[in-house]
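Peer 1:
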Amino acid sequence: STIVLVFEAPKNFRFTVQEGEKVKVGQKMGEI
Amino acid sequence: LSAAWRDTPTKWYPLPLAVGALLLVAVDYRKNHLATEVHVDEHGNEVVRLKGPWQVHVIGALPLKNLSRLWGYLNGLQLPVWFRPFGFRLYAWAFGCNLEEMDPEDLTQYRSLGEFFYRKLKPGVRPVANAPLVSPADGRVLHFGTVHGSRVEQVKGLTYSLDALLGVESPTNSPPPSPIEFPHRDMATVHDEEFANVNGINYSLGHLLGSSTQAKSSEGQPPAPQKHGERIDASVDSESSLGDSISHDASVAKEMGVRPSLQRRGSISGASVQEGHSLFFAVVYLAPGDYHRFHSPTAWVVEKRRHFIGELYSVSPYMARRLENLFVLNERVALLGRWRYGFFSMVPVGATNVGSIRINFDTALRTNLRQRSRPPPGTYTEAVYSAASSILNGQPLTPAEEMGGFCLG
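These protein sequence lines are chains A and B, in that order. Sequential numbering of the first sequence, starting at 661, is according to the numbering used here. Sequential numbering of the second sequence, starting at 16, is according to the numbering used here.
1) If you compare alpha carbons, which of A/N672, A/T662, A/I663, A/V666 is closest to B/G291?
2) Quick one: list the residues of chain A neighbouring B/P147, beta-carbon separation under 7 angstroms, in chain order.
3) Just the Cα atoms here: how many angstroms apart are B/G102 and B/L351?
4) Report the CB separation of B/L79 from B/L327 in whole angstroms; it is logged as a contact under 8 angstroms.
5) Based on the DSSP secondary-structure assignment, which residues constitute the bridge partners of A/E691?
6) I need the boundaries of the alpha helix (DSSP H) containing B/W315, first residue and last residue.
7) How would you label B/G139, buried or exposed, when you count the other beta carbons within 10 angstroms and need 16 or more for buried?
8) Give the interface partners of B/S83 over in chain A, defined as CB-CB distance under 7 angstroms, in chain order.
9) Less than 9 angstroms between the beta carbons of B/L114 and B/E120, yes or no?
10) Assign B/R99 to one of three DSSP states: helix, strand, or coil.
11) Give me the chain A residues within the contact set of B/V297, using Cβ-Cβ distance strictly less than 9 angstroms, ordered along the chain.
12) State the DSSP-derived secondary structure class of B/R381, mapped to helix, strand or coil.
13) May I have the straight-line CA-CA distance separating A/G686 from B/L136, to the nearest angstrom?
14) Could you check the C-alpha separation between B/G424 and B/S331 for me, to the nearest Å?
15) Between the C-alpha atoms of B/M418 and A/V666, what's the straight-line distance to the nearest angstrom?
16) CA-CA distance, A/P670 and B/T313?
17) Can you tell me which of the three DSSP states B/T413 falls into?
18) Please confirm whether B/Y306 and B/L157 have their CB atoms less than 9 angstroms apart.
19) Tell me the rounded alpha-carbon separation between B/R134 and B/V170.
20) Would you tell me roughly how many angstroms separate the C-alpha atoms of B/A403 and B/W97, rounded to the nearest one?
21) Am I right that B/V434 and B/F159 are in contact with their C-beta atoms under 8 angstroms? What's the rounded C-beta distance?
22) Using a Cβ-Cβ cut-off of 9 angstroms, state whether B/M361 counts as contacting chain A.
23) Mark B/N81 as exposed unless 16 or more other C-beta atoms lie within 10 angstroms of its C-beta, in which case mark it buried.
24) What are the start and end residues of the beta strand (DSSP E) that includes B/R347?
25) Whose CA, out of B/P411, B/N383, B/R166, B/T25, lies closest to the CA of B/S401?
26) Less than 9 angstroms between CB atoms is the rule here; does B/G424 satisfy it with respect to chain A?
27) Contact criterion: CB-CB distance below 9 angstroms. Does B/L412 meet it with respect to chain A?
28) At the 9 angstroms Cβ level, is B/S276 part of the contact set with chain A, yes or no?
29) With a CB to CB cut of under 6 angstroms and the five nearest residues on each side skipped, what residues in its chain are close to B/V71?
30) Reducing DSSP to helix, strand and coil, say where B/R7 ends up.
31) Under the three-state reduction of DSSP, which class applies to B/R134: helix, strand or coil?
32) Alpha carbon to alpha carbon, how far is B/K26 from B/A302? Give it in angstroms, no decimals.
33) Taking buried to mean at least 16 other C-beta atoms within 10 Å of its own C-beta, is B/L85 buried or exposed?
34) In whole angstroms, give me the CA-to-CA distance for A/K684 and B/G154.
35) Using a Cβ-Cβ cut-off of 9 angstroms, state whether B/P138 counts as contacting chain A.
36) Just to confirm the assignment, what range does the alpha helix (DSSP H) spanning B/L37 have?
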């Protein structure tokens, strides 16, 4: 199964994860 | 043969360059146009078709939904108590499940594989980062980036339509936003400044009225899918005490950083973003051994959900790299709402082995149903959560709050 997030954010929003990275609930995914 | 090879004269003559150039143009046209060719219906909405290499068409010919329901039935069968520890340890070994962090740890308490699959975690095993966006689930980041135009990149080189993923708001669907009415104030409407001064606490007035509730569709029956969604206003009955809903929704209102708008912020799909903002996307893939409940990725308010009855192709990275429009073809529940920066949506997408999607605050939702005729892709049934917290105009959620999960079958 898969979860797709689509959201609006300021242009300086930045993902802090890498493609293929294992993540867990509550782990930081992005910052502004 | 060797004589023919040796004696046959080799004649060289120039290939006209034009033939080579034409060949390159034809290859380029096929790659850039046919691959991204978009078929539209009479409403101008993209008609989503199964596209991809032959493996995809072979898988598409299988009765995936029946297989999924059979898989769910088998995994719902009660297992003998003596077998459970051995059976679940074997599954955990095969799929890499972490048995130490689940609650309860006693494997004999899970009557079936389906219950084990939908296990909970012990409190505290998932600390929540102090960040605007946190992961909604355990899994692997499949892809992420910025939405260009209205196309979302599935993987490098494959894109799908954002409108096809979230559904297009049809004009008949969006009634004009209505001012909040408060029965105990003889139907007067509350103005913004009053909202802030109630009891001197800047929290949502809606909690003085309603309380966080279980949304139920008015019919109580799984709604029949309508073309482009039929508005099902969730009728609610308050089930939780006023106290906890004030603190819960107040924390969401506070975290959202802005006073929740008394009026709906206009249509939220089709996402017209504010000046200086962009639309971003991220895809998290949950493997069979992962913990399969999902949580809120931020403080946000879910205003509505759109349930798309689709197929149940596997969503493994192998398929995501081959089957174009995978997330738009599959059964999914698009939760639409807003967070402090504007539009926010979260779309759990089902797959062959996990065709059932559960939303804790939406008991009317039924997924992976037996269908006589498959509705065309893009058809959805819509429910709104405006009564869950009337002033927030939707279901408020705090970061990492459990929202629901994927069940086997």
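Glycine residues also receive a C-beta, built at the ideal position from the N, C-alpha and C atoms. These figures come from a predicted structure and were not determined experimentally.
Peer 2: To lay it out plainly:
1) A/N672
2) G690, E691, I692
3) 39 angstroms
4) 5 angstroms
5) A/R674
6) Where B/W315 is concerned, there is no enclosing alpha helix (DSSP H), although the beta strand (DSSP E) it sits in stretches over 315-323.
7) exposed
8) The contacting residues do not exist; B/S83 stays about 11 angstroms from chain A at best.
9) yes
10) helix
11) The displayed chain sequence assigns Ala, not Val, to residue 297 of chain B. Within 9 angstroms Cβ-Cβ: I663, V664, L665, V666, F667, F675, V677, M689, G690.
12) coil
13) 13 angstroms
14) 16 angstroms
15) 17 angstroms
16) 15 angstroms
17) coil
18) no
19) 31 angstroms
20) 44 angstroms
21) Past the edges of chain B, shown from 16 to 424, lies residue 434 of chain B, and the structure says nothing about it.
22) yes
23) exposed
24) 347-354
25) B/P411
26) no
27) no
28) Bear in mind that a pLDDT of 43 at B/S276, under 50, signals an unreliable position, so the number given afterwards is only what the model happens to contain. No, B/S276 lies away from the interface with chain A (no Cβ there is under 9 angstroms from its Cβ).
29) R337, L338
30) The structure shown does not extend to residue 7 of chain B, since chain B is modelled only from 16 to 424, so the question has no answer here.
31) coil
32) 59 angstroms
33) exposed
34) 6 angstroms
35) no
36) 32-44
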